[in-house]
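In the UniProt record's numbering, the protein residues as written are 1 to 455.
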Amino acid sequence: MLSLSLRSWITLAQPLTIELEIPFVPAHLEELNFFYSTSDIQGCNVARIQGRARFINEAGPSLMMLSIITAIHKIVENLTKFLSPYIHNLLREICTLSAKWVNDTDPKIAPIVHKLQLTREKISTSLSPRVLVPAVSTCFSQLLRNDRHTAIGPLLHILSDSFTAMSPEERVHHQPYLITFFLEALQFRSDSSEGLEVVALVEGHIVDALVALVLKLSESSFRPLYFKLFHWATNSESHKDRTITFYRLSSSIAEHLKGLFVLFAGHFLKNAAGLLDANNLAKTDTLYFGSGKLAKTKADLLLQQILKTLHGVFMYDRQKFINKERFDVLMQPIVDQLENTLGGVEGLQSRASSFVQPCIAEFAVAIADDALWKDLNYQILLKTSHNMPEVRLAALQTLCEVAHKLGEDFLPFLPETVPFLAERLEDEEEAVEKEAKRVVQEMEEVLGESLQKYF
1 MLSLSLRSWI TLAQPLTIEL EIPFVPAHLE ELNFFYSTSD IQGCNVARIQ GRARFINEAG
61 PSLMMLSIIT AIHKIVENLT KFLSPYIHNL LREICTLSAK WVNDTDPKIA PIVHKLQLTR
121 EKISTSLSPR VLVPAVSTCF SQLLRNDRHT AIGPLLHILS DSFTAMSPEE RVHHQPYLIT
181 FFLEALQFRS DSSEGLEVVA LVEGHIVDAL VALVLKLSES SFRPLYFKLF HWATNSESHK
241 DRTITFYRLS SSIAEHLKGL FVLFAGHFLK NAAGLLDANN LAKTDTLYFG SGKLAKTKAD
301 LLLQQILKTL HGVFMYDRQK FINKERFDVL MQPIVDQLEN TLGGVEGLQS RASSFVQPCI
361 AEFAVAIADD ALWKDLNYQI LLKTSHNMPE VRLAALQTLC EVAHKLGEDF LPFLPETVPF
421 LAERLEDEEE AVEKEAKRVV QEMEEVLGES LQKYF
């Protein structure tokens with residue numbers, strides 16, 4: 001009976017007169033009971049489609065499920081403007097199912113995945129922002145309360161796609177509400193008791209959606225928004241986790257806006273420099289987030305996001321953004337990260353190779369000033385004489401990266417560089433000595449001349 005009823009509805013959902021369609025909507029939505037079909041799922045328990053059928057969370061897709069989703073797609077396709085009373089429940093279930101099979105390669109699931117995708121696309125492009133935006137906000141809260149974190153991705157993807165469908169006038173009109181929503185959503189890291197992996201997953205989707213909005217804004221609209229986000233992240237000592245969120249967002253915005261983002265970077269440089277030092281065990285005994293394993297993990301996350309953000313600023317700087325004043329603010333805190341033992345030796349090495357060295361190399365390119373290059377090079381050279389062999393290794397690798405980036409512009413700094421290299425060629429640690437030989441060889445290839453005459 002249910003299958004027949006579904007087929008009947010799919011047929012009825014073809015374009016008819018509005019007078020004929022509307023009376024069927026509440027009755028058939030209740031009959032399908034799709035919107036609440038999984039609302040009581042806890043872990044892998046059975047959830048009931050009231051009075052009709054049973055849906056097993058661990059089971060594969062069935063013909064009934066395909067029929068339900070096909071019917072829902074037809075409803076959305078033909079009655080979009082009349083879905084307001086049902087939309088937040090529809091979003092919840094569509095996004096939950098989308099997340100359930102997002103990475104499944106079973107060919108039997110492909111039709112369901114395709115129908116879900118079409119339904120999401122139709123919702124994002126056809127539903128009025130006046131209806132969709134509040135519904136997304138409501139659904140977002142429901143999903144978090146019910147621990148359906150994986151469904152956040154499809155939900156916010158619908159919101160992101162809707163920004164393209166909105167007219168400029170609609171975006172301006174709804175921008176205050178959207179900003180309020182995103183500020184509340186970005187609070188997830190600070191408020192959540194979930195593990196860091198779940199936090200990173202949810203926050204990543206929020207960041208992606210907000211960046212999608214940012215890409216649609218004018219400079220005059222983005223500037224106050226970004227400054228508001230900075231104030232939100234830095235004005236409360238009781239919400240320090242917000243700084244991780246802010247710099248993760250900034251890193252993503254920098255990656256997308258490229259050179260345009262440099263216009264806004266001056267606002268956070270002093271804060272970034274201060275946080276680099278506040279999370280450097282070589283410079284402080286009390287970390288920014290306090291003591292303990294979790295605090296150290298958060299500190300490492302913050303350092304990664306700050307260094308990624310700065311790397312993006314330096315990489316896309318074509319306007320000589322790094323002047324003497326900004327160089328003085330940033331240079332020492334960044335270079336000193338080469339000796340930051342947060343996370344032990346393994347943490348130092350991983351952070352140095354993945355974040356610190358690329359950041360310093362792009363910093364050198366962005367400077368484009370002989371005097372400032374000389375200062376930067378000397379500070380790196382000092383690290384090659386550090387008492388920890390791991391720091392000496394990281395400094396040598398950084399020196400090589402800088403030489404690669406500067407090319408022939410590095411030649412004037414060879415006279416002061418070679419004595420430090422000579423010391424490392426006789427280092428008591430075999431690994432450091434071996435690395436020094438490699439660095440000398442690579443420098444000779446990059447610079448196109450032998451360094452032996454300098455020794």
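Using N, Cα and C, we set each Cβ at its ideal position, and we do this for glycine too.
C-alpha of N103 to C-alpha of T150: approximately 12 Å in a straight line.
When the Cα atoms are used, N340 and H114 turn out to be separated by approximately 49 Å.
In the three-state DSSP reduction, F227 falls in the helix class (H, G or I). The beta carbons of S128 and K81 sit closer together than 9 Å. Following the DSSP letters along the chain, one finds I152 inside the alpha helix (DSSP H) bounded by residues I152 to A165. Between R189 and T119, the C-beta spacing is not below 9 Å. The Cβ-Cβ distance between H256 and V214 falls below 9 Å. Within the same chain, V207 come within 6 Å of L249 by CB-CB distance, once the 5 residues on both sides are set aside. For the pair I94 and A135, the CB atoms are not nearer than the 9 Å cut-off. When the beta-carbon positions are compared, N271 and L303 stay at least 9 Å from each other.
Between the stretch 223-240 and the stretch 172-191 there are three or more C-beta pairs closer than 8 Å, enough to call the two in contact. Its chain contains V335, L338, I360, A395, T398, L399 and V402 as the residues whose beta carbon lies nearer than 8 Å to that of I380, once the 5 sequence neighbours on both sides are disregarded; these appear in chain order.
Around the beta-carbon of G195, fewer than 16 other beta-carbon atoms lie within 10 Å, marking it exposed. The beta-carbon distance between A364 and K405, rounded to whole angstroms, is 6 Å. This is short enough to meet the 8 Å contact definition.
Per DSSP, the continuous alpha helix (DSSP H) segment holding R242 begins and ends at D241 to L257. Every unbroken stretch of the alpha helix (DSSP H) spanning 4 or more residues and falling wholly within the UniProt domain "BP28 C-terminal" (168-321) is given here in chain order: 168-185, 188-191, 196-214, 219-234, 241-257, 262-265, 269-278 and 293-315. By a beta-carbon distance limit of 8 Å, L376 does not contact M443. Their separation comes to about 16 Å. L210 has its alpha-carbon roughly 42 Å from the corresponding atom of V439. Membership of L342 in any alpha helix (DSSP H) is not indicated, and neither H nor E is assigned to it by DSSP. In this chain, the alpha helix (DSSP H) harbouring F420 covers L414 to R424.
One thing to note: G204 has its Cβ no nearer than 9 Å to the Cβ of F261. By the criterion of a C-beta distance shorter than 7 Å, A295 is surrounded in its chain by L287 and F289, once the five residues flanking it on both sides are discounted.
Closest by C-alpha distance to R392, out of K308, Q357, R145 and L178, is Q357. Under the DSSP assignment, I367 falls in the alpha helix (DSSP H) whose first and last residues are Q357 to I367.
Within 10 angstroms of the beta-carbon of H173 lie fewer than 16 other beta-carbons, which makes it exposed. Rounded to whole angstroms, the separation of the alpha carbons of E362 and R145 is 43 Å. Considering only E346, F140 and S126, the residue with the shortest C-alpha distance to L91 is F140. A residue is called buried when at least 16 other Cβ atoms come within 10 angstroms of its Cβ; N89 meets this threshold and is buried. Taking each of M64, L132, K453 and I367 in turn and checking the Cα distance to S84, the smallest one comes out for L132. In the same chain as P107, and ignoring 5 residues on each side of it, no C-beta atom comes closer than 7 Å to its own. Nearest Cα to A212 within the set P168, D300, S162 and L281: S162. In the three-state reduction of the DSSP assignment, G448 falls in the coil class. Per the C-alpha coordinates, the member of F314, M166, H157 and R351 positioned closest to T297 is R351.
With fewer than 16 other Cβ atoms inside 10 Å of its own Cβ, D328 counts as exposed.
The three-state reading of DSSP puts I94 in helix, counting H, G and I together.
In this structure R318 is exposed. Its beta-carbon is surrounded by fewer than 16 other beta-carbon atoms within 10 angstroms.
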